[in-house]
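Here's the structure, in structure tokens; my notes come after.
Residue numbers (our numbering), protein chains in the order written: chain C, 2 to 110; chain W, 3 to 115.
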């Protein structure tokens, strides 16, 4: 079983729509959680950290459910520039990041 | 400031050849990581350096893979006797501390024919 599992999508949404997706992780000892964004043929870039109480960064909202071991990302008022692959990332020790395979989001005009 | 840089950006080689991939981390970052990303997958951890020493090489797939960081800055990932299954994007990342955000370089796309 993979340490981090994500729905690969793709999620095709019109501009202005809300899109949400989850990932699950297997290691209950995981300590830190992140969403990274990866554009086609580019490197992953940190989108936001995910905190137990849930957190928001502009149009992006992340939630963590430790009991069920899942993490969610919600994007409101989608823009064309939000089209990318979103990688769910879990850190079980200080340095080793475990990545999901990514969820592809395509926002259409 | 300058981000993580990697060279070459693309490398095409033949099965059985030796390759070296270079990573230049953000200046002052003591932690350096190598990951490998295959098509349709997320990056997978290969090795972590703290300073000059490899603190964790548990992700290296076999003994054909080796990495060094002799002066605690630039790192080189070395692959001997390349196989077609080694084809992937090799990503390097660095951070100030192991617990800090990891910043990724643009990667080296390795193709083994």
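Backbone N, C-alpha and C fix where the C-beta goes; we use that ideal spot for every residue, glycine too.
Three-state class that DSSP yields for residue i in the structure shown
{"i": "residue 99 of chain C", "result": "strand"}
{"i": "residue 38 of chain C", "result": "strand"}
{"i": "residue 96 of chain W", "result": "strand"}
{"i": "residue 2 of chain C", "result": "coil"}
{"i": "residue 61 of chain W", "result": "coil"}
6 Å Cβ shell around residue i - same chain, five flanking residues per side excluded
{"i": "residue 82 of chain W", "result": "20 and 66"}
C-beta neighbour in chain W for residue i, strict 8 Å
{"i": "residue 12 of chain C", "result": "no"}
{"i": "residue 100 of chain C", "result": "yes"}
{"i": "residue 43 of chain C", "result": "yes"}
{"i": "residue 47 of chain C", "result": "yes"}
{"i": "residue 8 of chain C", "result": "no"}
{"i": "residue 74 of chain C", "result": "no"}
{"i": "residue 88 of chain C", "result": "yes"}
{"i": "residue 80 of chain C", "result": "no"}
Own chain partners of residue i with C-beta closer than 7 Å, once the 5 adjacent residues on each side are dropped
{"i": "residue 68 of chain W", "result": "80"}
Below-8 Å beta-carbon distance, residue i vs any chain C residue
{"i": "residue 115 of chain W", "result": "no"}
{"i": "residue 35 of chain W", "result": "yes"}
{"i": "residue 58 of chain W", "result": "yes"}
{"i": "residue 67 of chain W", "result": "no"}
{"i": "residue 50 of chain W", "result": "yes"}
{"i": "residue 108 of chain W", "result": "yes"}
Cβ-Cβ distance between residue i and residue j below 8 Å
{"i": "residue 72 of chain C", "j": "residue 34 of chain C", "result": "yes"}
{"i": "residue 71 of chain W", "j": "residue 34 of chain W", "result": "yes"}
{"i": "residue 82 of chain C", "j": "residue 106 of chain C", "result": "no"}
{"i": "residue 84 of chain W", "j": "residue 14 of chain W", "result": "no"}
{"i": "residue 52 of chain W", "j": "residue 91 of chain W", "result": "no"}
Bridge partner(s) assigned by DSSP for residue i
{"i": "residue 90 of chain C", "result": "C:35 and C:100"}
Beta-carbon contacts of residue i that lie in its chain and below 8 Å, excluding the five residues immediately before and after
{"i": "residue 2 of chain C", "result": "27"}
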